[in-house]
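2 protein chains.
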Amino acid sequence: MEKQDLRIRRTKKALNEALLTLMEQKSFSRITIQELANEAMINRATFYLHYYDIYDLLDACIRDNMNHTMLKHIKTIRHIEDGVFYTEIFQEVVTKILKSVESNEYFFRVMFQSDCDKQLEAYLIQFGHATVMPQIERSFQKGTSKKYKNITLQLIVSTILRVISWWLTAEEREAPEKIAELIVGVVTQGPAYTIGLEID
Amino acid sequence: MEKQDLRIRRTKKALNEALLTLMEQKSFSRITIQELANEAMINRATFYLHYYDIYDLLDACIRDNMNHTMLKHIKTIRHIEDGVFYTEIFQEVVTKILKSVESNEYFFRVMFQSDCDKQLEAYLIQFGHATVMPQIERSFQKGTSKKYKNITLQLIVSTILRVISWWLTAEEREAPEKIAELIVGVVTQGPAYTIGLEID
DNA sequence: TTGTTTAATGAACAAATTGTTGTATAATTT
DNA sequence: AAATTATACAACAATTTGTTCATTAAACAA
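Line order of the protein sequences matches chains W and F.
The first sequence runs 1 to 200 under the working numbering.
The second sequence runs 1001 to 1200 under the working numbering.
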């Protein structure tokens, strides 16, 4: 993948920034191509030179930002092996993820406040299927676990995203380590117990 | 709330059905008022007599269907009391919820396959805040649990919806009781353990 | 630096969508 | 049977969409 023309990269960057700026102001579904072009200070026809529609731009925006933050930390999985879930390693990974989220907080805040975070979740789940699943295939061989592997992935991804969304919008910002603990607790012991309810 | 004019009820019903029909065929964001009017066999101007925009119609559709299914079973909470989470009662409630989902399966399938199930989740969470929370307020008094009560509600709601979505689209349909067990497991012991992973 | 390549512009286009308005008609309600 | 009111229909301006074309300007490669 050779470097693109400087003008193309400039245009795409401007459109990415324009998208986030507009998503701050209004819900994604109300954003028009014309507004994007105005905000990015390019001609409307230029938009169609690079993107099929606004969802295409959104996907590209998500892909770029995710690849540089969360996904870096889950390319190789070390916390699941042979049916054992290693809590400590998982907590380390989640802490790293949370720190990378904080480092690009603007993107994540905008995504979560808008009405299109489903696309973000979908991208993460798709990444999990393609990259994470093959690595932990052996852990799903026995019993009913194979049947449930898809829903498990979905539940863990959505739990992490939901906690992050809540974390970023809370009144007082807690430390990534604290939030990682919370996520680990929910994933390994369930929300009810982690929250302090006595089970039974 | 007295009964509305027969013509109004007929029009609203036609629009509700038209919405679901169109959502079966294309993503929610691509549906236009004109298409809705055609499908419902009413004039386009009539739509604006009853709804502000398409989201208004969607909200009404969700409200009606939810009130007649899931929400009936969580008006009074019996499975959380004084900080104790009663597994057995929770499982009964979830089973009832799942059966009511099956009884209106068409609605839920369409909602989950479309790109607007966030609205459905939002409605459930809002209902939880208004109706469920006040009933279990006492359980959140001690420790850090009060701080986490909002995220707990979100996690439980999204877990239930996610499992239902997976359940309705799986190849072979499992019994509501089986799925209720799965949900109870995830909520009280976490996805990792429930799926069969050994924790540590 | 020069010549070549190509991205961006601006204008124009038809088609579709939106939201509103007025009057006439038809159905429902009382 | 009379009064009420929801709906249909047509028309409207404003906006959006996706595409095309010739022109201009910038980036690239030698």
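No residue lacks a Cβ here, since even glycine has one placed at the ideal position from N, Cα and C.
Chain W contact for residue i (CB, 9 Å cutoff)
i, result
"Y1048 of chain F", "no"
"E1102 of chain F", "no"
"V1186 of chain F", "yes"
"I1110 of chain F", "Inspection of the sequence shows that residue 1110 of chain F is occupied by Val rather than by Ile. No, its Cβ sits nowhere closer than 9 Å to a Cβ of chain W."
"F1085 of chain F", "yes"
"E1198 of chain F", "yes"
"D1056 of chain F", "no"
"Q1227 of chain F", "Nothing can be reported for residue 1227 of chain F: it is not among the residues displayed for chain F, which extend from 1001 to 1200."
"P1191 of chain F", "yes"
"K1149 of chain F", "yes"
"T1194 of chain F", "yes"
"R1162 of chain F", "yes"
"I1074 of chain F", "no"
"T1095 of chain F", "no"
"T1159 of chain F", "yes"
"I1008 of chain F", "no"
"I1080 of chain F", "yes"
Whole-Å CB distance - residue i paired with residue j, under 8 Å assumed
i, j, result
"V84 of chain W", "E1198 of chain F", "5 Å"
"W167 of chain W", "E174 of chain W", "7 Å"
"V1184 of chain F", "Q1126 of chain F", "Not really, about 24 Å apart at Cβ, beyond 8 Å."
"S1145 of chain F", "I33 of chain W", "In fact, because the Cβ distance is near 47 Å, the residues do not count as touching under 8 Å."
"F47 of chain W", "L36 of chain W", "6 Å"
"S27 of chain W", "D115 of chain W", "5 Å"
"L98 of chain W", "P176 of chain W", "4 Å"
"I1062 of chain F", "V1093 of chain F", "Rounded, the Cβ-Cβ distance is 21 Å, inconsistent with contact."
"N1104 of chain F", "T1131 of chain F", "The pair is not a contact, with the Cβ atoms about 20 Å apart (cut-off 8 Å)."
"A1060 of chain F", "A1040 of chain F", "With a Cβ gap of about 14 Å, A1060 of chain F and A1040 of chain F do not count as contacting."
"P222 of chain W", "V1187 of chain F", "With chain W running from 1 to 200 in the structure shown, residue 222 of chain W is simply not present."
"A180 of chain W", "T95 of chain W", "4 Å"
"E1121 of chain F", "L1161 of chain F", "6 Å"
"V163 of chain W", "I1156 of chain F", "Their Cβ separation, rounded to whole angstroms, is 13 Å, which puts V163 of chain W and I1156 of chain F out of contact at 8 Å."
"S1158 of chain F", "S29 of chain W", "Their Cβ separation, rounded to whole angstroms, is 21 Å, which puts S1158 of chain F and S29 of chain W out of contact at 8 Å."
"Y148 of chain W", "D1200 of chain F", "Between D1200 of chain F and Y148 of chain W the Cβ distance is about 20 Å, and since that is not below 8 Å, they are no contact."
"I42 of chain W", "A14 of chain W", "6 Å"
"F108 of chain W", "V101 of chain W", "5 Å"
"Q189 of chain W", "Q1189 of chain F", "6 Å"
"K3 of chain W", "H50 of chain W", "About 15 Å separates the two Cβ atoms, so there is no contact after all."
Range of the contiguous alpha helix (DSSP H) that encloses residue i
i, result
"S1165 of chain F", "1149-1169"
"C61 of chain W", "54-67"
"A1014 of chain F", "1006-1025"
"H50 of chain W", "44-50"
"T188 of chain W", "176-189"
"E35 of chain W", "33-40"
"I1074 of chain F", "Here I1074 of chain F belongs to no alpha helix (DSSP H), and DSSP marks it neither H nor E."
"K1118 of chain F", "1117-1127"
9 Å Cβ cutoff, residue i in contact with chain F
i, result
"G128 of chain W", "no"
"A14 of chain W", "no"
"A180 of chain W", "no"
"Y123 of chain W", "no"
"D5 of chain W", "no"
"D117 of chain W", "yes"
"T32 of chain W", "no"
Opposing strand residues paired with residue i [DSSP bridges]
i, result
"I199 of chain W", "F:F1085"
Legend entry - Ranges of the beta strand (DSSP E) found wholly within the stretch 79-111 of chain W, counting only runs of at least 3: As far as the stretch 79-111 of chain W is concerned, it has no whole beta strand (DSSP E) run of at least 3 residues.
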